[in-house]
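Have a look at the structure below, then the notes.
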Amino acid sequence: MGWPELAPWWLDEIRTDPAYVDVVDPLLTTLLHPGPGRYLDLGCGEGRLMRVVSAYGATVHGVDLVESLAALTPGPSVVARLPELPIRSGTYDGAYSVLTLEHVPDHRKFFAEAARVVKTSGVLAVVVNHPVWTAPDATPISDQYGEVLWRPGEYFSEGVTEMPAGDSTVVFHHRSMSALLNSAADAGWSMEAMVEQPHHELTDQSGIPRLLGCRWRRVGW
193 MGWPELAPWW LDEIRTDPAY VDVVDPLLTT LLHPGPGRYL DLGCGEGRLM
243 RVVSAYGATV HGVDLVESLA ALTPGPSVVA RLPELPIRSG TYDGAYSVLT
293 LEHVPDHRKF FAEAARVVKT SGVLAVVVNH PVWTAPDATP ISDQYGEVLW
343 RPGEYFSEGV TEMPAGDSTV VFHHRSMSAL LNSAADAGWS MEAMVEQPHH
393 ELTDQSGIPR LLGCRWRRVG W
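So for the sequence shown, our numbering puts the first residue at 193; every next one is plus one.
Rendered as structure tokens:
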């Protein structure tokens, strides 16, 4: 089952999980520092975060694979399969992507395409499931004393995992943190900030990172 068929599950997910409003939205806005200017939402879905960012005075356009979701966005959106961006180079002051990059098969081209469409000195903010969570066979385990530990699985591979999504599954493409950061640097992005957050509800996993957020600046060569 592809993302067009999973659209109803996604809409229900964002309606019922408070983590998006309580955790994800503040993390993005802290990293992005949105303001007046033109921003591109990479993997915009139905446009929830377009509304959040536009509230800071930004003009926001979206890109999403699913036409039925893109049709719900509050601003203009392009239907395209990331990392392809049918957009003119140097068009935007900034771009952002939230819980999307881990579903994109080619992360290197993702960073390169984002660098192409964002102006020199523009910004890119990305929030993903932390790489320790997306590694194949990674999982929390409890020892005989009740302490929660983390099994890293195949952390240094670039494998995939499938996780439940309603009656189907969603594919997560795993990359180590070094693979992500080096790919961004190779594409011309200079890191300005990185945030790691634990699970917002599971106190017994407070020492295990759950989300990774990064902010980069587009540098000229």
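Quick reminder that beta carbons are idealized off the backbone N, C-alpha and C, glycines included. The structure presented is a predicted model; accordingly, all values stated were derived computationally and were not measured.
Can you tell me which of the three DSSP states residue i falls into?
i: Gln-389; result: strand
i: Val-320; result: strand
i: Arg-230; result: strand
i: Asp-285; result: strand
i: Ser-334; result: strand
i: Thr-292; result: coil
i: Ser-360; result: strand
i: Thr-312; result: strand
i: Arg-243; result: helix
i: Arg-410; result: strand
i: Ala-306; result: helix
i: Ser-269; result: strand
i: Val-215; result: helix
i: Ala-262; result: helix
i: Arg-367; result: coil
i: Asp-329; result: coil
i: Thr-225; result: In the sequence as presented, Thr is not what sits at residue 225; that position holds His. In this structure, His-225 counts as coil in the three-state DSSP scheme.
Report, in whole angstroms, the separation of the C-beta atoms of residue i and residue j, which I expect to be a contact under 8 Å.
i: Pro-278; j: Gly-239; result: With 8 Å as the limit, Pro-278 and Gly-239 do not qualify as a contact, their Cβ atoms being about 19 Å apart.
i: Val-315; j: Trp-408; result: 7 Å
i: Val-404; j: His-322; result: The sequence given here places Leu at residue 404; Val does not occur at that position. Yes, they are in contact, since the Cβ atoms of Leu-404 and His-322 sit about 5 Å apart, within 8 Å.
i: Pro-328; j: His-366; result: 6 Å
i: Pro-401; j: Glu-388; result: 4 Å
Here's the rule I'm using: 16 or more other beta-carbon atoms within 10 Å means buried, otherwise exposed. How should residue i be labelled?
i: Glu-346; result: exposed
i: Phe-348; result: exposed
i: Val-411; result: exposed
i: His-299; result: buried
i: Thr-361; result: exposed
i: Thr-208; result: exposed
i: Pro-297; result: exposed
Rounded to a whole number of angstroms, what is the C-alpha to C-alpha distance between residue i and residue j?
i: Ala-376; j: Ser-260; result: 30 Å
i: His-253; j: Leu-241; result: 11 Å
i: Ala-307; j: Trp-381; result: 7 Å
i: Val-215; j: Val-244; result: 13 Å
i: Thr-221; j: Trp-202; result: 22 Å
i: Leu-373; j: Val-320; result: 13 Å
i: Tyr-248; j: Pro-356; result: 34 Å
i: Phe-303; j: Thr-331; result: 28 Å
i: Trp-342; j: Ile-333; result: 6 Å
i: Thr-326; j: Val-352; result: 8 Å
i: Ala-371; j: Asp-378; result: 10 Å
i: Pro-228; j: Lys-311; result: 15 Å
i: Arg-273; j: Ser-313; result: 26 Å
i: Ala-199; j: Leu-264; result: 12 Å
i: Asp-217; j: Pro-210; result: 10 Å
Please return the same chain residues whose Cβ sits closer than 6 Å to the Cβ of residue i, not counting the five positions on each side in sequence.
i: Leu-232; result: His-253, Tyr-284 and Ala-287
i: Thr-251; result: Arg-230
i: Met-386; result: Cys-406
i: Leu-224; result: Tyr-288 and Ala-317
i: Ala-262; result: Asp-256, Ser-269 and Val-271
Sorted by chain position, which residues of the same chain lie with C-beta nearer than 7 Å to residue i's C-beta, five sequence neighbours on each side aside?
i: Ser-289; result: Leu-234, Gly-235 and Val-318
Using C-beta distances below 8 Å, list every residue in its chain close to residue i, excluding the 5 sequence neighbours before and after it, in chain order.
i: Ile-206; result: Tyr-212, Gly-237, Glu-238 and Arg-240
i: Asp-335; result: Leu-341
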